[in-house]
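Numbering (our numbering), first residue to last: 889 to 1210. All C-beta atoms, glycine included, are put in the ideal place defined by N, C-alpha and C. Predicted model, so just to flag it, every value in this text is computed and none were measured.
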Amino acid sequence: MKYRVFARKEVIVSGGSINSPQLLMLSGIGPKQHLADNRIPLVKDLPVGENLMDHVSLGGLAVTVNDTVSIRLQKVIDDPNNLNDLLQNHNGVYTIPGGTEALIFADADRPNSTDGRTNLELLLVTGLYSSYELLPKLCGMTSEVYNAVYRETDVMNGFMVLPMVMRPKSKGRVWLRDANPFHHPLIDPNYFADETDLDVIVAGVRLLQRMLRTGPMKSLDAKILDTPFPGCRQHVFDTDAYWKCAARQISFTIYHLSGTCKMGPESDPTAVVDPRLRVHGVQGLRVVDASIMPEVPAAHTNAPTIMIAEKASDMIKEDWGV
């Protein structure tokens, strides 16, 4: 059974930075040659799917400590007192924010800057890879890497720090696998195509090392796990070259994808939507999500995306006199 739906005023696409460009391209709005290659009739030639940006992180910085205060998921689950603390007293280990116990925003190029234009974030996660069974799987970590590097942490305590590139120079692309709307699109994040992004990762490692030399961290004997990655043994451990290699071995997304339906004036050949989020050259169609960001913000994208939605709702009401 097929249904046909009509819009009296306009259609608003809010599929996110992957699905919005996919939907537009399937509808004939996108790069002319790419649509022709997939035998999709052209409605409007626009750079849909280009300009893909994301915050990518080095995922391999395990810091071990000589204390037993770190969180190990199975240990938490096995102790019924932890659940009792949550339900009865509203405190305890289950109340931690989980993944955001500590954050640092910094400028890797200007360490003493206070103007807020950061390009580096350090995100602290309580526990090690061995503390959470799912984490290695989420990172796509092979058993070879886990056994070679992290297996020894099964009996250790500590935490992980994720140095993250906040203003990436590298940009990727989303394009169609084919004209079937039920097939996932092809995604090329193009991480580290611009090697200056790797310099930011290295700066994050060096900043963490400075922190580990402070008194409180020294009291815990906190140190970065120094077992080298199998694919980086050609480099001396802790050199810049080693950490750049490590970033290419075990980096992962923070899921801040943005930019694939870029906002800009019609004179901008890289723009897809105008400042009121209307698709250039197509009547009655807007995109409202993180895909319209011209640049990924140097911050987590949740609040900016909410702001985009709030602003879009105001503009839509203005345009229709509501």
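Where LYS897 falls, given that 16 or more other Cβ within 10 Å makes a residue buried: Locating residue 897 in the sequence shown gives position 9, where the first residue counts as 1. Exposed, by the Cβ-count rule.
Less than 8 Å between C-beta atoms, sequence neighbours within five positions excluded: which residues of the same chain meet that for PHE1140? Locating residue 1140 in the sequence shown gives position 252, counting from the first residue. Excluding sequence neighbours, PHE1140 sits near VAL944, SER945, GLY947, LEU1026, CYS1027 and GLY1028.
Rounded straight-line distance, which links the Cα of PRO1118 to that of GLU1032: As a first step, residue 1032 is located in the sequence shown; it is residue number 144 there, counting from the start. As a first step, residue 1118 is located in the sequence shown; it is residue number 230 there, counting from the start. Rounded to whole angstroms, GLU1032 to PRO1118 spans 8 Å at the Cα level.
CB of ALA1091 within 8 Å of CB of ALA996, strictly: One-based indexing of the sequence shown puts residue 1091 at position 203. One-based indexing of the sequence shown puts residue 996 at position 108. In this structure, ALA996 lies closer than 8 Å to ALA1091 by Cβ.
Neighbourhood of ALA1230 by C-beta, 6 Å cutoff - its chain only, sequence neighbours within 5 removed: Because the chain here runs from 889 to 1210, residue 1230 falls outside it and cannot be looked at.
Can you give the Cα-Cα distance for GLU1083 and THR1014, rounded to whole angstroms? Counted from its first residue, the sequence shown places residue 1083 at position 195. Counted from its first residue, the sequence shown places residue 1014 at position 126. Distance between GLU1083 and THR1014, taken at the CA atoms: about 30 Å.
Quick check on VAL1043: buried or exposed, where buried means 16 or more other Cβ atoms within 10 Å of its Cβ? On the sequence shown, residue 1043 is found 155 positions in, with the first residue counted as 1. Label assigned to VAL1043: exposed.
SER1001, enclosing alpha helix (DSSP H) - first and last residue: Walking along the sequence shown from the start, residue 1001 turns up at place 113. It is not in any alpha helix (DSSP H) - SER1001 carries neither H nor E in the DSSP assignment.
List the whole-angstrom C-beta distance separating HIS1072 from ASP942, where the pair is believed to meet the contact cut-off of C-beta under 8 Å. If you number the sequence shown from 1, residue 1072 lands on position 184. If you number the sequence shown from 1, residue 942 lands on position 54. In fact, because the Cβ distance is near 17 Å, the residues do not count as touching under 8 Å.
Roughly how many angstroms separate the alpha carbons of VAL953 and LEU1095, rounded to a whole number? Taking the sequence shown and counting its residues from 1, the one referred to as residue 953 is at position 65. Taking the sequence shown and counting its residues from 1, the one referred to as residue 1095 is at position 207. Looking at the two C-alpha atoms, the distance is approximately 18 Å.
For a test of the three-state rule: what should DSSP assign to ASP933, helix, strand or coil? Here the question's residue 933 lines up with position 45 in the sequence shown. It is a strand residue.
Does ALA924 pass the burial test, meaning 16 or more other C-beta atoms within 10 Å, or should it be called exposed? Here residue 924 is taken as the residue at index 36 of the sequence shown, counted from 1. Under this definition ALA924 is an exposed residue.
Should SER915 and VAL1175 be called a contact, given that it needs their Cβ atoms to be closer than 8 Å? For the purposes of this step, residue 915 is taken as the residue at position 27 of the sequence shown. For the purposes of this step, residue 1175 is taken as the residue at position 287 of the sequence shown. In this structure, VAL1175 does not lie closer than 8 Å to SER915 by Cβ.
I'd like to confirm the pairing. Which residues does DSSP put opposite TRP1131 in its beta bridges? Locating residue 1131 in the sequence shown gives position 243, where the first residue counts as 1. DSSP output for TRP1131 lists no bridge partner at all.
Which residues in the same chain have their Cβ closer than 6 Å to the Cβ of ALA1036, if we skip the five residues on either side of it in sequence? To locate residue 1036, count along the sequence shown from 1; it is residue 148. PRO1118, listed in sequence order.
Span separating the alpha-carbon of LEU1173 from that of VAL936: Position 285 of the sequence shown, counting from 1, holds the residue named residue 1173. Position 48 of the sequence shown, counting from 1, holds the residue named residue 936. C-alpha separation (whole angstroms): 14 Å.
On the DSSP letters alone, give me the boundaries of the alpha helix (DSSP H) that THR1141 sits inside. Your numbering for residue 1141 matches position 253 in the sequence shown. That residue, THR1141, is in no alpha helix (DSSP H); its beta strand (DSSP E) goes 1139–1141.
So MET1048 and ALA950 are supposed to be a Cβ contact under 8 Å. How far apart are they, rounded? Taking the first residue of the sequence shown as position 1, residue 1048 is located at position 160. Taking the first residue of the sequence shown as position 1, residue 950 is located at position 62. Confirmed, Cβ separation roughly 6 Å.
Short Cβ contact (8 Å threshold) for ILE1180 with VAL1167: In the sequence shown, residue 1180 corresponds to position 292, counting from 1. In the sequence shown, residue 1167 corresponds to position 279, counting from 1. Cβ distance not < 8 Å, so ILE1180 and VAL1167 don't count as in contact.
Residue from ASP1128, TYR891, ILE992 and THR1158 with nearest C-alpha to ASP1085: Residue 1085 sits at position 197 when you count from the first residue of the sequence shown. Here the closest residue by C-alpha is ASP1128.
Say whether the segment 1052–1060 touches the segment 1003–1011, bearing in mind that this needs 3 or more beta-carbon pairs closer than 8 Å, one atom from each stretch. yes
Same chain, Cβ closer than 7 Å to GLY1060, neighbours up to 5 away in sequence not counted: Residue numbering aside, residue 1060 sits at position 172 when the sequence shown is read from its first letter. These residues qualify, in order along the chain: LEU940, ASP1076, PRO1077 and ASN1078.
Who does ALA990 pair with in a DSSP beta bridge? Here the question's residue 990 lines up with position 102 in the sequence shown. The partner list for ALA990 (beta bridge, DSSP) reads LEU1012.
Would you say ALA1135 and ILE1089 are within 8 Å of each other, going by their C-beta atoms? The residue you call residue 1135 lines up with position 247 of the sequence shown. The residue you call residue 1089 lines up with position 201 of the sequence shown. For ALA1135 and ILE1089, yes; Cβs fall inside 8 Å.
Mark LYS1199 as exposed unless 16 or more other C-beta atoms lie within 10 angstroms of its C-beta, in which case mark it buried. Stepping through the sequence shown from its first residue, residue 1199 is reached at position 311. By the neighbour-count rule (16 or more Cβ atoms within 10 Å), LYS1199 is not buried but exposed.
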